[in-house]
């Protein structure tokens, strides 16, 4: 598969991170016989100050010219640049776009092609996939290592190597040099390819040896394999699976209970721990809803008619009824030979005709 694909290193410079508009587009083919592509593009929006501080691009106040470091450059419109870029890609045999931290640049390209549907479809048909070299260097260097483009240039090409930072053309050239100096093969790069939907999705096909990854055994980061036990060494995967099925260790369905899908099954499995907890949570939520609804109705009733609230202030009829009830209870106690308490003395002095 790798023989039919061609690596195309590309890079963009944009107006900023928020809704980026392309200011510069550059690309080079990692093969002989192809001319590089490079265009300055008049952006559709002003360049953000943070972006200008890095790439030195500015748009003229009237929006008709593109300035680089204060000087006017020959910039074309976005549509013309995309049309030429698609035509350039169509002349390459199955191009695969490659860049460092490619997601941002692909996002800028997709946003640009969104305004031109016909060119967008031609672009999607021409490009067969993308590769992010950041993932490649993550497998080569240990965790915690700085993997920015500047750090890789200083580590691989040397700190004395000078290039123009934040220009698409130099970014493309310096990335190719870093890949070449490190000795990364084309096969290793294509293993990280994200295929388009219309491309056969089999990037792991073929024999992939550690020698393809610059002599570094980094295949463990791409192909995640479960470590075999001593009993499993020397046996095929089918033999291991058959043995686990016979012993009952392999079955995923036996380890994880099947979720009931019908009310009857749900009722029959209510005694299982997970469903018991689920039913209890549902019950608690239902009680909380009922409690909140009662509280809401009570507050609404008090707000509509505060004079009829029986919780804080009793009505005259309710107060008289309470006093008669107390009189009867205390009178019975005295009739039985009970002793006078503070409550009876209070009622004797406050309620006329009580004794």
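Numbering (the working numbering), first residue to last: 1464 to 1818.
For every residue, glycine included, the Cβ atom is placed at its ideal position computed from N, Cα and C.
C-beta contact flag for residue i and residue j at 8 angstroms
| i | j | result |
| --- | --- | --- |
| residue 1510 | residue 1479 | yes |
| residue 1591 | residue 1468 | yes |
| residue 1615 | residue 1641 | yes |
| residue 1410 | residue 1552 | Residue 1410 lies beyond the residue range present for the chain, which begins at 1464 and ends at 1818; the question has no answer from this structure. |
| residue 1567 | residue 1576 | no |
| residue 1703 | residue 1709 | no |
First through last residue of the alpha helix (DSSP H) which encompasses residue i
| i | result |
| --- | --- |
| residue 1501 | Careful: residue 1501 lies outside any alpha helix (DSSP H), inside the beta strand (DSSP E) at 1500 to 1504. |
| residue 1516 | 1512 to 1518 |
| residue 1610 | No alpha helix (DSSP H) contains residue 1610, which DSSP labels as neither H nor E. |
| residue 1637 | 1631 to 1645 |
| residue 1572 | 1565 to 1577 |
| residue 1583 | 1580 to 1589 |
| residue 1552 | 1541 to 1553 |
| residue 1593 | Taken as a continuous stretch (DSSP letters only), residue 1593 belongs to no alpha helix (DSSP H), being part of the beta strand (DSSP E) at 1592 to 1595. |
Exposure of residue i, with buried meaning 16 or more beta-carbon neighbours within 10 Å
| i | result |
| --- | --- |
| residue 1753 | exposed |
| residue 1742 | exposed |
| residue 1652 | buried |
| residue 1485 | buried |
| residue 1750 | exposed |
| residue 1748 | exposed |
6 angstroms Cβ shell around residue i - same chain, five flanking residues per side excluded
| i | result |
| --- | --- |
| residue 1671 | For residue 1671, the predicted model reports a pLDDT of 35, less than 50, meaning its position is unreliable; a value from the coordinates is still stated below. So no residue of the chain qualifies. |
| residue 1508 | 1478, 1484 |
Segment limits, beta strand (DSSP E) that includes residue i
| i | result |
| --- | --- |
| residue 1476 | 1469 to 1477 |
| residue 1534 | 1534 to 1536 |
| residue 1485 | 1485 to 1492 |
| residue 1562 | 1558 to 1562 |
| residue 1653 | Looking at the DSSP string, residue 1653 is not in any beta strand (DSSP E); the run it does join, the alpha helix (DSSP H), is 1649 to 1653. |
| residue 1531 | 1529 to 1531 |
Spatial neighbours of residue i in its chain, beta-carbon cut-off 7 angstroms, leaving aside the 5 residues before and after
| i | result |
| --- | --- |
| residue 1631 | 1474, 1475, 1476, 1487, 1488, 1489 |
| residue 1639 | 1472, 1491, 1493 |
| residue 1582 | 1545, 1546, 1549, 1576 |
| residue 1557 | 1467, 1468, 1469, 1591 |
| residue 1521 | 1510, 1515, 1530 |
| residue 1579 | 1542, 1545 |
8 angstroms Cβ shell around residue i - same chain, five flanking residues per side excluded
| i | result |
| --- | --- |
| residue 1609 | none |
Open item on the list: Tell me whether the stretch 1620 to 1628 and the stretch 1525 to 1532 touch, counting them as touching only if at least three CB pairs, one residue from each stretch, are closer than 8 angstroms.
Closed with: The stretch 1620 to 1628 is not in contact with the stretch 1525 to 1532.
Does the stretch 1514 to 1528 come into contact with the stretch 1469 to 1478, if we say contact requires no fewer than three beta-carbon pairs (one atom in each stretch) closer than 8 angstroms? At 8 angstroms Cβ cutoff, the stretches touch.
* Report yes or no: do the stretch 1629 to 1636 and the stretch 1486 to 1496 share at least 3 C-beta pairs separated by less than 8 angstroms? => Segments in contact, yes.
Margin query: Under 8 angstroms, with one C-beta from each stretch per pair, do the stretch 1492 to 1508 and the stretch 1540 to 1548 reach the 3-pair mark?
Written below: Cβ pair count under 8 angstroms is three or more, so yes.
- Indicate whether the contact test is met: 3 or more Cβ pairs, each with one atom in the stretch 1554 to 1572 and one in the stretch 1596 to 1603, closer than 8 angstroms. Contact between the stretch 1554 to 1572 and the stretch 1596 to 1603 is present, because at least three Cβ pairs lie under 8 angstroms.
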